[in-house]
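Data block below; observations after.
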Amino acid sequence: MKVKICGLSRPEDIRCVNIFRPDFIGFVFAKSKRQVSDDQASELKKMLNPGISAVGVFVNEEISRIKKLAERGIINYVQLHGDEDNAYCERLKAEIALPVIKAVRVKGKKSLLEAADYPCDYFLFDTYVKGQYGGSGIQFDVGIMRDCAVCKPYFIAGGLTAADIGDIKKIDPFGIDVSGGVETDGFKDAIKIEEFIKKVRRADDE
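If you count by the working numbering, then the sequence shown holds residues -5 to 200, one letter each, in order.
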């Protein structure tokens, strides 16, 4: 499983991931307690080990802004976490060459079936919470994934911690996304990040 540590916003966060080497990190450009500006993300990306891919997380963003961030080399992937429809994604992919991850807020199996035709490269399945686009810290029943074939590689997100890795491994997703689960008092915690990544790597080796 690939590991994505989302919501990095400080130089010390970057120094930490450079040591423990997740596969992806996330810069949140949408309104959030973890939000970063374009210039903040630019400075953080300069510090990031080039072997780690930076994902830009957006909610109903203007395509022109995403394009500028891509052209500046600040992001390597685009994650759409809002109400972006198929036409939006197709316009975006016509403008930039970066892979697109579409977040799907899961209510049940119907959510997975309705998303099947979305023209993205990856899905990210997160928990549906009314009025929120993500970051709820609440898990959904990942057991539904076993009975519902997904046609594209996908990440699992939503309130995950190192303790959940064994259950997540059973459904064998492409990747696992964590943010609050590796924080203490609202900030990324190096000890929790190390534990999370090591447990994923061990699960893959077993």
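Backbone N, C-alpha and C define an ideal beta-carbon position, used for all residues, glycine too.
Round the Cβ separation of residue i and residue j to the nearest angstrom and send it over; I've been treating them as touching at under 8 Å.
| i | j | result |
| --- | --- | --- |
| Leu38 | Ile60 | Going by Cβ atoms, the distance from Leu38 to Ile60 rounds to 17 Å, so no, they are not a contact pair. |
| Thr155 | Phe134 | That pair is no contact at about 15 Å. |
| Ile159 | Val194 | 6 Å |
| Leu2 | Lys182 | 7 Å |
| Glu89 | Ile57 | 6 Å |
Would you mind reading off the limits of the alpha helix (DSSP H) that contains residue i?
| i | result |
| --- | --- |
| Ser105 | Lys103 to Ala109 |
| Phe23 | Taken as a continuous stretch (DSSP letters only), Phe23 belongs to no alpha helix (DSSP H), as it is neither H nor E. |
| Ala7 | Note on identity: in this sequence residue 7 is Asp, with Ala being the wrong assignment. Segment Pro5 to Phe14, the alpha helix (DSSP H) holding Asp7. |
Hey, quick one: how far does the beta strand (DSSP E) through residue i stretch, first residue to last?
| i | result |
| --- | --- |
| Leu42 | Per DSSP, Leu42 belongs to no beta strand (DSSP E) and is neither H nor E. |
| Phe134 | First-last for Phe134: undefined, no H or E at that position. |
| Val(-3) | Lys(-4) to Cys0 |
| Lys17 | According to the sequence shown, residue 17 is Asp rather than Lys. Run containing Asp17: none; DSSP gives neither H nor E here. |
| Tyr116 | Tyr116 to Thr121 |
Below 8 Å CB to CB, which residues in the same chain sit around residue i once its five sequence neighbours on both sides are set aside?
| i | result |
| --- | --- |
| Ile95 | Val49, Tyr71, Val72, Gln73, Leu74, Cys114, Asp115, Tyr116, Phe117, Leu118 and Phe149 |
| Gly180 | Lys27 |
Take residue i and list the residues in its own chain whose beta-carbon comes closer than 7 Å to its own, dropping the five residues that flank it on each side.
| i | result |
| --- | --- |
| Asp198 | Met(-5) |
| Val53 | Ala24, His75, Gly76 and Tyr127 |
Near residue i, what residues of its chain come up, given a Cβ to Cβ distance below 6 Å and the 5 sequence neighbours on each side ignored?
| i | result |
| --- | --- |
| Ile162 | Ile150 and Ile170 |
| Glu189 | Ala156 |
| Glu84 | Pro113 |
Length-filtered (3 minimum) beta strand (DSSP E) runs lying within the segment 136 to 191: As far as the segment 136 to 191 is concerned, its whole beta strand (DSSP E) runs of at least 3 residues are 148 to 150 and 169 to 172.
Uninterrupted alpha helix (DSSP H) stretches inside the segment 60 to 100 (no shorter than 4 residues): Correct list: 80 to 89.
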